[in-house]
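First to last, the protein sequences are chains A and B.
Using this note's numbering, the final residue of the first sequence is 285, and nothing's skipped along the way.
Using this note's numbering, the final residue of the second sequence is 400, and nothing's skipped along the way.
Positions of the beta carbon are idealized from the N, C-alpha and C atoms, including for glycine.
To start, the structure under review is shown below, and the notes come after it.
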Amino acid sequence: MIQVILFNVTNGLIIGAFYVLMALGLSLILNLSNVINFSHGNFLALGGYLAFTLSPTLGYWGALLVAPLITALIGLAVERLMIRRVYNRDPVYSLLLTFGFAFVMQDAARFIWGPNGLPLGLPEFLSQPINPTLFFITWYRVFMVAVVIVAVLGLFAFLRYTRIGIRIRAGTLDLETVASLGVNISLLRTFNFALGCLLAGLSGVLAAGQIGLNPNMGDDLLMPSFIAIIVGGVGSLIGTLFGGLLIGVAAALTTVFFPAGSEAVIYAIMMIVLLVRPRGLMGEEGMMA
Amino acid sequence: MTPLEVSGLQTFYGKSHILHDVGLTVKEGEIVVLLGRNGAGKTTTLRSIMGLTPPREGNVRLFGTDATRMSPYRVAGLGVGYVPEGRKIFANLSVEDNLRVPAVRPGPWNTTRVFETFPRLAERRDNRGRQLSGGEQEMLSIARALLLNPKLLLLDEPSQGLAPLIVKEVFQIIKTMRQEGISILLVEQNVRVSLAVADRAYVLDDGAIIYSGSAAELAGDEERVRSMAGASAKEWVTSDI
Ligand SMILES: Nc1ncnc2c1ncn2[C@@H]1O[C@H](COP(=O)(O)OP(=O)(O)OP(=O)(O)O)[C@@H](O)[C@H]1O
Ligand SMILES: [Mg+2]
């Protein structure tokens, strides 16, 4: 029994780590630009597919680095060409725009890489269990969690210590004042969108190693990521971090004790939060508080 | 090069017509005060200049460059520092981080100099914006604008809600800035004090300029001053600066 619980908690943490990476990217974009990016799951898939295409030439490690960067560049182009045109409109416009774009991206992936699932090859040692008693924990799982931790710490350090990061945090609160201090907020938003896509691309590469590739692989992660943001509190990246881990573990534990409710549980958590604490667990604190 | 020449501004918020043919000038090294009752359109005038609320008609020239409807960051890039109404400091950021938001332009102002000039900000450098007192927030808002190394400073009611002693300090800073060669457009409700430091004055009423002339002359018109000052009794307290 202990082992079953342990297995599911580990699983939950890993799934939660994906929610966190996705949700942090979504959160960045939502906080600074008021855009709910419905195509975020497709940027995840894009990252995975790019890694698939690049790994024969660059190897796994090269693809792990380069695929998210290319995803970010594509995100940058998408923001410049489309998304920024609707910033001054009602948020419904950007929501519909990214919603439509999600389907375009999905069909584009299907057209380029085919409708069937594809595997992403991993270096041999990553597929081994870390030891015989903990047979269910492969090195790959440890590796994924390590990469997510490094990415999250890197993101937080970036936001805390660099001028661009500080401006992103300031802009979350009052973009107009940031602009009147001489900062090109149009470029800031473009960069920020690309940063969000970078995180999505990275989660895509990681996810591909675990579950393989298919054109709608990001769909299952998108809704829980939104929920992670709401549960953690819109505007708080730390909240998003805890929100993601919380719903990941909650869903996994529910699988042990009440399998039928494993999907409903995260929605139930969101409902409870909305009713009891509408600003989310950490919604009142400023970002990075 | 004249720092600021504004003419014929017509500015709207949606359908409501706020500024009617507003024109004003700030010459090099001048302190110009813009007075007017609540809702007269003082903030809207500054926002029109900054490009935050672009005017529908009229012209804004900054240092000889046509800056009408330029985006705010480019206006700032021409050397315009803006200290907005209500300070607008970033409450979630530390003092030090607030000071790292402005674009970097070459000039005498840097963080070290700011901390020398505003020692209280240096003491509170790790505190968040929201933990500062009103006076400290005002200093931070001014310091933040100075880091752009502006040649023209737009200040919107910097003395609002501050204790008399702090008000005095703020006006002292404004005078020092002028000595540094920064031209200043000051929006105030503190009529007497601001007329005492200003070279020239404009009075806005209902979105139109109703007085334009020397500050001393306006200060001498006791009746006029009293009618404008009616809204704020507090300004009597600090009239001895
Ligand atoms: N965002 C806005 N939308 C619509 N109307 C506005 C807006 N901001 C200001 N106004 C209106 O425009 C007019 C001028 O406002 P403004 O803020 O420029 O006045 P002000 O002289 O700065 O006043 P105060 O001394 O109170 O700061 C007022 O009637 C105000 O109600
Ligand atoms: Mg005002």
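Rounded distance between the beta-carbons of residue j and residue i, thought under 8 Å
| i | j | result |
| --- | --- | --- |
| L42 (chain A) | A142 (chain A) | Actually they are not in contact, since the Cβ atoms of L42 (chain A) and A142 (chain A) sit about 23 Å apart, beyond 8 Å. |
| G276 (chain A) | A235 (chain B) | Rounded, the Cβ-Cβ distance is 34 Å, inconsistent with contact. |
| L344 (chain B) | L313 (chain B) | 5 Å |
| S373 (chain B) | E347 (chain B) | Between E347 (chain B) and S373 (chain B) the Cβ distance is about 16 Å, and since that is not below 8 Å, they are no contact. |
| A304 (chain B) | L169 (chain A) | Wrong, their Cβ atoms sit about 17 Å apart, outside the cutoff. |
| L28 (chain A) | N188 (chain A) | 5 Å |
| G8 (chain A) | V245 (chain A) | 4 Å |
| L122 (chain A) | F139 (chain A) | 6 Å |
| K310 (chain B) | P162 (chain B) | 6 Å |
| G58 (chain A) | L69 (chain A) | At roughly 16 Å, the Cβ-Cβ gap does not stay under 8 Å, so G58 (chain A) and L69 (chain A) are not in contact. |
| T203 (chain B) | L178 (chain B) | 6 Å |
Residue-chain proximity (residue i, chain B), Cβ-Cβ < 7 Å
| i | result |
| --- | --- |
| T173 (chain A) | yes |
| I225 (chain A) | no |
| G228 (chain A) | no |
| G12 (chain A) | no |
| S35 (chain A) | no |
| L277 (chain A) | no |
| I162 (chain A) | yes |
| L191 (chain A) | no |
| G178 (chain A) | yes |
| A166 (chain A) | yes |
| L358 (chain A) | For chain A, the structure presents residues -3 to 285; residue 358 (chain A) sits outside this window and is missing. |
| I265 (chain A) | no |
| M283 (chain A) | Because the pLDDT of M283 (chain A) is 42, which lies under 50, any placement of that residue in the model is unreliable, and the number read from its coordinates should be weighed accordingly. Yes, its Cβ sits closer than 7 Å to a Cβ of chain B. |
| D215 (chain A) | no |
| R159 (chain A) | yes |
| L169 (chain A) | yes |
Residue-chain proximity (residue i, chain A), Cβ-Cβ < 7 Å
| i | result |
| --- | --- |
| N308 (chain B) | no |
| E164 (chain B) | no |
| K247 (chain B) | yes |
| L252 (chain B) | yes |
| V192 (chain B) | no |
| M336 (chain B) | no |
| L168 (chain B) | no |
| A401 (chain B) | The structure shown does not extend to residue 401 (chain B), since chain B is modelled only from 160 through 400, so no value can be given for it. |
| A392 (chain B) | Its pLDDT being 43, under 50, A392 (chain B) is placed unreliably by the model, and the measurement read from it follows with that caveat. With 7 Å as the cut-off, A392 (chain B) does not count as an interface residue toward chain A. |
| E381 (chain B) | no |
| V260 (chain B) | yes |
| M229 (chain B) | no |
| A235 (chain B) | yes |
| D315 (chain B) | no |
| D256 (chain B) | yes |
| V356 (chain B) | no |
| M209 (chain B) | yes |
| Y241 (chain B) | yes |
| F171 (chain B) | no |
| Y232 (chain B) | yes |
| V396 (chain B) | The pLDDT assigned to V396 (chain B) is 44, lower than 50, so where the model puts this residue is not dependable; a value taken from the coordinates is nonetheless given after this. Judged by the 7 Å Cβ criterion, V396 (chain B) is not in contact with chain A. |
| I400 (chain B) | At I400 (chain B) the pLDDT is 47, less than 50, meaning the model places this residue with poor confidence; the figure from the coordinates comes in the next sentence. Output row for I400 (chain B): interface = no. |
Of the residues the options, the one placed nearest residue i, counting alpha carbons only
| i | options | result |
| --- | --- | --- |
| R259 (chain B) | A:G167, A:I162, A:A247 | A:I162 |
| G379 (chain B) | B:V352, B:D365, B:I368 | B:V352 |
| S35 (chain A) | A:V201, A:S221, A:A203 | A:S221 |
| P119 (chain A) | A:W109, A:P128, A:Y136, A:D103 | A:Y136 |
| E255 (chain B) | B:M298, B:G195, B:L237 | B:M298 |
| C193 (chain A) | A:V0, A:G235, A:I32, A:L2 | A:I32 |
| Q169 (chain B) | B:L193, B:S207, B:V192, B:R283 | B:S207 |
| A19 (chain A) | A:L116, A:P274, A:A224 | A:A224 |
| T129 (chain A) | A:V0, A:P274, A:I262 | A:V0 |
| L114 (chain A) | A:R273, A:L198, A:N212, A:S199 | A:N212 |
Residues bridged to residue i (per DSSP)
| i | result |
| --- | --- |
| N218 (chain B) | B:S166 |
| V192 (chain B) | B:L345, B:A360 |
| A367 (chain B) | B:D364 |
| D315 (chain B) | B:V346 |
| L178 (chain B) | B:T170 |
| R157 (chain B) | In the structure as shown, chain B begins at 160 and stops at 400. Residue 157 (chain B) is therefore absent and cannot be evaluated. |
| L2 (chain A) | Beta-bridge pairing links L2 (chain A) to no other residue. |
| S373 (chain B) | B:R359 |
| G178 (chain A) | DSSP output for G178 (chain A) lists no bridge partner at all. |
| L114 (chain A) | A:L209 |
| V185 (chain B) | B:L163 |
| T224 (chain B) | B:L221 |
| T134 (chain A) | A:P125 |
| Y241 (chain B) | B:L313 |
Min CB distance residue i to chain D below 7 Å
| i | result |
| --- | --- |
| G21 (chain A) | This model lacks chain D altogether, as its protein chains are A and B. |
### Query
Which residues have a Cβ closer than 7 Å to any heavy atom of ligand 2, listed in chain order?
Cβ atoms closer than 7 Å to ligand 2 belong to B:K201, B:T202, B:E244, B:D315, B:E316, B:V346.
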